[in-house]
Amino acid sequence: MVGETARRRFDRALAHHRRGDLPTASRLYQQILPGAPDFAGARHMLGLIAYQIGDHAAARHLIEQAIAITPRIPECHNNLGLALQALGDLPAAGAAYRRAVALRRDYEEALLNLGNLEARQDRPDAASRYYRRAIAARPSYVPAHANLARLRQLQGRDGEALAHYARALELDPTDAGLHNAVGTLFHARGELDRAVDHYRQACVLGPDAIDHAVNLGLGLRDQGRFAEAVQIASRTLARAPGDARCQSLFTDCIRRAPPTRRDPVLAGQLTRALAEGWDRPNYLASAALALLRLDATPGSFGALLRA
């Protein structure tokens, strides 16, 4: 039997866990087990923390211990599936997710995970069925709408993709990743104004994401707004100097932008690019040509020759 003290400690641990304080939660969960070794919830939550910090083997071991004590808890089987999937054992992961669904037919998270697993194994029809079951179980489940939208986008079924993206954004308009994904769909369709609008929202909502900023720069470039794209790329390159997409966007837009006065910030970034040697030779050549646009001096001609 689990005593009242252990339950109170578990509740405290769970509160810390939900706040993201994993070290405190882990310590409290561990304190439960010497006096209550059959407390499956503590073992399960320790396994979940192990999964969250990337120790997937420990996660599997701890969650399997919890299941041995209480085998009919759907969350245990679902989280075991996550650990097994992270370890690369996809058949066992699928079996764990299916056990979770067998215990609770409308368990939307396990259905979503089954869909993700099928999509990863290039089985889009099966993935779609699981995503739709997750949506049927919980119509407001944003991840299921978003993942079904991405699946349809990859299949070239843009109308269905847009419908599910729209529903997901209706439910959560603050999701930067969704705005970025919708932007890429409009971009691929040549609807640049709509793409740029969504990329801008993605950058506002997720200002630290390099991918969002690069996509905004690409959208502006394809609109012919090279000077603005250069500024976006320059700021992004300062944060991620090794990002190949940003390097390419940066130099391409400078070369294609209308002539402008020498910009010491941009010239400095290009000079450093040449000194450091970007990953691909064509980027080095582009950087040298771009530097000529900003500062046509003997030094920059020499940089072009070195590239």
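Note that this note's numbering gives residue 1086 to position 226 of the sequence shown, counting from 1, and the numbers run on in steps of one.
Glycine included, C-beta positions come from ideal geometry on N, C-alpha and C.
Keep in mind that this is a model prediction, so the values were computed, not measured.
Contact between the segment 1087–1100 and the segment 1047–1059 is defined here as three or more beta-carbon pairs at a separation below 8 Å; is this criterion met? At 8 Å Cβ cutoff, the stretches do not touch.
Could you check the C-alpha separation between E924 and L971 for me, to the nearest Å? In the sequence shown, counting from the first residue as 1, residue 924 sits at position 64. In the sequence shown, counting from the first residue as 1, residue 971 sits at position 111. The alpha-carbon atoms of E924 and L971 are separated by roughly 20 Å.
If you follow the alpha helix (DSSP H) that L882 is part of, which residue opens it and which one closes it? Within the sequence shown, the letter at position 22 stands for residue 882. Boundaries of the alpha helix (DSSP H) around L882: 882–892.
Between the C-alpha atoms of N939 and R872, what's the straight-line distance to the nearest angstrom? Working through the sequence shown from its first residue, we reach residue 939 at position 79. Working through the sequence shown from its first residue, we reach residue 872 at position 12. Each residue's Cα considered, the two are about 21 Å apart.
State buried or exposed for R887, treating a residue as buried only when at least 16 other CB atoms are found within 10 Å of its CB. To locate residue 887, count along the sequence shown from 1; it is residue 27. Classification of R887: exposed, given that the 10 Å Cβ count is below 16.
Confirm, please, whether the CB-CB distance from L942 to R958 is below 8 Å. Locating residue 958 in the sequence shown gives position 98, where the first residue counts as 1. Locating residue 942 in the sequence shown gives position 82, where the first residue counts as 1. Result no, Cβ atoms of R958 and L942 do not sit closer than 8 Å.
Buried or exposed: where does R965 fall if 16 or more other Cβ atoms within 10 Å of its Cβ makes it buried? Looking up residue 965 in the sequence shown gives position 105. Answer is exposed; the Cβ neighbour count stays below 16.
Return the CA-CA distance between A896 and I929, expressed in angstroms with no decimal places. To locate residue 896, count along the sequence shown from 1; it is residue 36. To locate residue 929, count along the sequence shown from 1; it is residue 69. Computed Cα separation, rounded: 12 Å.
Less than 8 Å between the CB atoms is what I'm expecting for I913 and A885, so what's the real figure, rounded? Your numbering for residue 913 matches position 53 in the sequence shown. Your numbering for residue 885 matches position 25 in the sequence shown. Not confirmed; about 11 Å, so no contact.
Cα separation between R867 and L1045? Position 7 of the sequence shown, counting from 1, holds the residue named residue 867. Position 185 of the sequence shown, counting from 1, holds the residue named residue 1045. When rounded, the separation of the alpha-carbon atoms in R867 and L1045 is 49 Å.
What do you get for V1042, buried or exposed, if any count of 16 or more other CB atoms within 10 angstroms of its CB means buried? In the sequence shown, the residue the question calls residue 1042 occupies position 182. So V1042 ends up on the buried side.
Give the DSSP-derived three-state secondary structure of S1000 in the structure shown. Taking the sequence shown and counting its residues from 1, the one referred to as residue 1000 is at position 140. Of the three classes helix, strand and coil, the one that applies to S1000 here is coil, per DSSP.
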